[in-house]
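Protein chains in written order, with this note's numbering: chain A, 467 to 828; chain B, 614 to 1110.
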Amino acid sequence: MDPLRQPPSPCSPRPSSPRTQSCEMLGYVGIEAVLDQLKIKAMKMGFEFNIMVVGQSGLGKSTMVNTLFKSKMWKSTLPGLGVPTPKTLQLQSVTHVIEEKGVKLKLTVTDTPGFGDQINNDKCWDPILGYINEQYERYLQEEILITRQRHIPDTRVHCCVYFVPPTGHCLRPLDIEFLQRLCQTVNVVPVIARADSLTIEEREAFRRRIQHNLRTHCIEVYPQKCFDEDINDRILNSKIRQERIPFAVVGADREHLVNGRCVLGRKTKWGIIEVENMAHCEFPLLRDLLIRTHLQDLKDITHNIHYENYRVFRLNKSHVLPRGPGWVNLAPGPAPSPASPQATPRTMKVCRWTQDNSDDEC
Amino acid sequence: MPLVARGSRALAERSRKGGAGEASRSRSPSSSQCWQTAPRRSWSRSRDGRGRWETVCECWGLAIPVRCAFGAGNEDLRNLSLSGHVGFDSLPDQLVNKSTSQGFCFNILCVGETGIGKSTLMDTLFNTKFENDPATHNEPGVRLKARSYELQESNVRLKLTIVDTVGFGDQINKDDSYKPIVEYIDAQFEAYLQEELKIKRSLFNYHDTRIHACLYFIAPTGHSLKSLDLVTMKKLDSKVNIIPIIAKADTIAKNELHKFKSKIMSELVSNGVQIYQFPTDEETVAEINATMSVSPQVHLPFAVVGSTEEVKIGNKMAKARQYPWGVVQVENENHCDFVKLREMLIRVNMEDLREQTHTRHYELYRRCKLEEMGFKDTDPDSKPFSLQETYEAKRNEFLGELQKKEEEMRQMFVMRVKEKEAELKEAEKELHEKFDLLKRTHQEEKKKVEDKKKELEEEVNNFQKKKAAAQLLQSQAQQAGAQQTKKDKDKKNFFFM
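In structure tokens:
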């Protein structure tokens, strides 16, 4: 993203046209009741959230998801149970409905077993990109129907959590390649997995190095700098960006007794690593970012920026691609369209830049 | 029941050991099927770790509450319960915060005759004075005047647009009165559709101008609806949420009002006019409706009185209209339905009105418009058509047309050039001819002049000869004698004369 050209923030306040006048109300009208109406409507409809976890096997992805949502989303595989690593990357999705205090959330978690596990990991991001683009495509097809549904089911990936193995050195080439490609299509939150193998100093150094790597390769992870709308968000997000990304997390789904309290943690011979303890790991920060404060923001950015970019790209290219029957028509299949992002990560940047240019002209 | 016993034992085990998942691992996968089918879900109640009562199912050692899943028919949706506080109950707040920072939009259309009280009612509803000059009755046709205002209450910013029909019902021939209104509503839908169909669009920044609510002001005749009202409402009911109101309701007595209302509603029903239905399926809304003691449907159309002047009633000031025979209080529910209108319009259903506009009226418009433009969802082989394909076809068609037009224009141009050339050639020919003619005449004149010149020269020569001869003779005569001189003199005189 060219820092000079800032796209309009997804949720910036609408500019007031010169015709509107500001009026003083002399008494209470009750306009603020619309907030309650919104809440009621939202609670009735329920929320949807789709999260994808990417990382090599054994980094604790499934455990992390279970810990995040405090339930048994996945059966976490123990090593040595004889589950063979898949030969190719497969994507597995599972959907659950969870409810808390009247708020219903339909949560879809997509796992990617086999990522980065082969000897030759070339183009192992293609199935993932294909999956993400396929979800966008699905939404687009629903949206351009003549008679469309009242509520289009949202299967687009809102957030992708990328697990960085705790080598302690810096990002590996596989990580960099993957992050570069994915950051343009989806919100990526990198985390340092299994952080209990690093001491606090090592973690900080590792974090600095990762941040340096991200800056060098121009990888914009979530929260992206260009989408901050007002000063409060900017302050909050830059604090997260500068100090905390990537979070060093530990996942656990067993409970142990510590000082008389039941806490989630990992028990080792030299102590119990508490997941919820800020001094031990940064899991609470990740959870807060993903769920408590930025969930709606993740969805908004996916809908307003990433989906719109995909849509522009698709509608512009549609007259080039051959037509074919079938559901996801106009493209021979989802695989070639992620192939083109290989050619287009640079060109897409350029496209967006020129389009922003033209946008400014209009 | 053995099922229940196992479940509660598993829970007890879990709380004793302090480790979740031990009991669950021993479960066979087949037992997870039991709670996917709804009818077999009722089990016993027991206390969970936190001391709350809940229904317990035996699978996985977890308590699974009896609730329906999202999206009926989706088998892999399972309800999970949470063993701790995750924190997404803040989601509605996050959503509301986002919406608050964006601001809200609300557009009201007021349809009614001139002088029926539209502007006053708006002022009363929103407790402010919108600058509005009263319209005259001399308008030649109906036109719509839209004004936007920014209102703010605590942290909610509302961009309110009020559209007025100026000159409605004033003409002698009111056949076309509804047309400008329908055109305006369609134009707003069209603008939104255009924005949505753009390739590079910015819907989140778009200022929504679609009409969310139409307040139709019915004149308080006390008899029935006018035919103009019926026709206009019939044209508008599929495009906008119509809320009929009886204006200037202080001119109708209470018993007449009741009859008037039922007459209006029966006329609307018999003519098939669909007015806005206030939602009654929501529990919270139903609560509010219950506190209003009767559902709003019974009160429709609302009989309202608008006033911006305050009159002292009792010991406080209230908005009212003062007559010699009494004071009509605007906010008194016994006097008029203003409070109910304000409740239903603003405090309870604003969001629903916007949603209905977007999901029903706009979608209908969009569907009709796209079908009109020739798009279909399925082609004759009932394979789903894509909008892109038809876009493509249309685009090619359009390009072809453009090319044809270009050809035509080119041909026309060539023809005109030829014509012009021919003209010019003719002109050139003429010029040439003229030139020739002129040249000829010039030559002729020249010849004439030359001839004359020659003649003159000849004459001069003759004269010279004669002069010479005369001189010779003279010299001879001088030699001949003096008498001859006189004759010569006479001859000379004669010569020179």
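Don't be surprised by glycine CBs; every beta carbon is placed ideally from N, CA and C.
Which bits of chain A does residue i rub up against, with CB to CB less than 7 Å?
i, result
"L771 of chain B", "I497"
"P705 of chain B", "K505, A508, M509, V569"
"E766 of chain B", "M491, V495, I497, E498"
"F717 of chain B", "V500"
"M963 of chain B", "V500, Q503"
What residue from the options has the CA that sits closest to residue i's CA?
i, options, result
"E968 of chain B", "B:D702, B:L1015, B:A826, B:T727", "B:A826"
"K925 of chain B", "B:L1086, B:P753, B:E869, B:G939", "B:G939"
"I865 of chain B", "B:T845, B:I888, B:D850, B:S837", "B:S837"
"R720 of chain A", "A:F713, A:G726, A:L730", "A:L730"
"V779 of chain B", "B:Y791, B:L771, B:L773", "B:Y791"
"A1083 of chain B", "B:K1066, B:N1074, B:F1108, B:D1064", "B:F1108"
"K932 of chain B", "B:A916, B:V952, B:L913", "B:V952"
"A1006 of chain B", "B:T845, B:D965, B:G697, B:G987", "B:G987"
"L757 of chain B", "B:Q784, B:G725, B:H750, B:I794", "B:I794"
"K637 of chain A", "A:W736, A:R681, A:N532", "Residue identity check: residue 637 of chain A is Leu in the sequence provided, not Lys. The candidate whose alpha carbon is nearest that of L637 of chain A is A:R681."
"D842 of chain B", "B:N854, B:K852, B:L1085, B:Y829", "B:Y829"
"P685 of chain A", "A:I585, A:R707, A:V724", "What sits at residue 685 of chain A in the sequence shown is Ile, not Pro. Taking only the C-alpha atoms, the option nearest I685 of chain A is A:R707."
"A718 of chain A", "A:V520, A:S537, A:Y605", "A:S537"
So residue i contacts chain A; which residues on that side make the cut at Cβ distance below 8 Å?
i, result
"R980 of chain B", "I612, T613"
"L828 of chain B", "Here the premise fails: no neighbours, minimum Cβ distance about 16 Å."
Sort out for me which residues DSSP pairs residue i with in a bridge.
i, result
"V924 of chain B", "B:A931"
"C625 of chain A", "A:I517"
"V563 of chain A", "A:K572, B:N692"
"I859 of chain B", "B:I831, B:A916"
"Y978 of chain B", "Y978 of chain B is not bridged to any residue."
"C489 of chain A", "Paired residues: none, contrary to the question."
"E763 of chain B", "A:S488, B:K772"
"D577 of chain A", "A:V519, A:Q558"
"F1107 of chain B", "Partner(s): none; F1107 of chain B has no beta bridge."
"H617 of chain A", "According to DSSP, which records beta bridges pairwise, H617 of chain A is partnered with nothing at all."
"A714 of chain A", "A:I658"
"I721 of chain B", "B:I775, B:A826"
For residue i, collect the residues of the same chain with a Cβ closer than 6 Å to its Cβ; drop the 5 residues on either side in sequence, then sort them by chain order.
i, result
"K733 of chain A", "H722"
"G664 of chain B", "Confidence is the limiting factor: at G664 of chain B the pLDDT is only 40, short of 50, which leaves the residue's position unreliable and the question unanswerable from this model."
"D620 of chain A", "E514"
"E808 of chain B", "R814, Y819"
"F717 of chain B", "L771"
"Q1091 of chain B", "none"
"C728 of chain A", "E721"
Sorted by chain position, which residues of the same chain lie with C-beta nearer than 7 Å to residue i's C-beta, five sequence neighbours on each side aside?
i, result
"E1057 of chain B", "none"
"E763 of chain B", "R770, K772"
"P631 of chain A", "Q522, L525, A659"
"G634 of chain A", "L664, E668, F672"
"P750 of chain A", "E742, M744"
"V654 of chain A", "C626, Y628, L645, L648, V687, Y688"
"Y975 of chain B", "F802, Y805, R823"
"G835 of chain B", "I865, E869, F873"
"S995 of chain B", "Low per-residue confidence applies at S995 of chain B: pLDDT is 36, beneath 50, and the placement is therefore not dependable enough to give any value."
In chain B, which residues lie less than 7 Å from residue i when you measure between Cβ atoms?
i, result
"G493 of chain A", "N740"
"Q762 of chain A", "L704, Q707, L708, K711"
"I757 of chain A", "V699, G700, F701"
"A513 of chain A", "The sequence as given places Phe at residue 513 of chain A; Ala does not occur at that position. Correct list: L704."
Leaving out five residues before and five after residue i in sequence, what residues of the same chain have Cβ atoms less than 8 Å from its Cβ?
i, result
"Q1096 of chain B", "none"
Could you tell me which chain B residues have their CB closer than 8 Å to the CB of residue i, listed as they occur along the chain?
i, result
"C692 of chain A", "The contacting residues do not exist; C692 of chain A stays about 15 Å from chain B at best."
"N782 of chain A", "I812"
List the residues of chain B that residue i touches, going by C-beta distances under 9 Å, in chain order.
i, result
"I564 of chain A", "N692, L693, S694, L695, V699, F701"
Check the C-beta distance from residue i over to residue j and give it rounded, since I have them as a contact under 8 Å.
i, j, result
"Q558 of chain A", "T576 of chain A", "7 Å"
"I676 of chain A", "P712 of chain A", "6 Å"
"I859 of chain B", "P892 of chain B", "About 23 Å; that fails the 8 Å criterion."
"L734 of chain B", "V917 of chain B", "6 Å"
"T970 of chain B", "R823 of chain B", "6 Å"
"V569 of chain A", "M509 of chain A", "6 Å"
"A612 of chain A", "L983 of chain B", "Here the sequence assigns Ile to residue 612 of chain A, which means Ala is not the residue at that position. Confirmed, about 5 Å."
"R616 of chain A", "T972 of chain B", "5 Å"
For residue i, which residues in chain A fall below 9 Å Cβ to Cβ?
i, result
"L838 of chain B", "Result: empty, since nearest Cβ-Cβ is about 30 Å, beyond 9 Å."
Can you determine whether any heavy atom of the ligand SAH sits closer than 7 Å to the C-beta of residue i, and answer yes or no?
i, result
"H1045 of chain B", "This structure does not include the ligand SAH; it has no bound ligands of any sort."
Residues of chain E with a CB under 8 Å from the CB of residue i: which are they?
i, result
"S537 of chain A", "Among the protein chains of the structure shown, namely A and B, there is no chain E."
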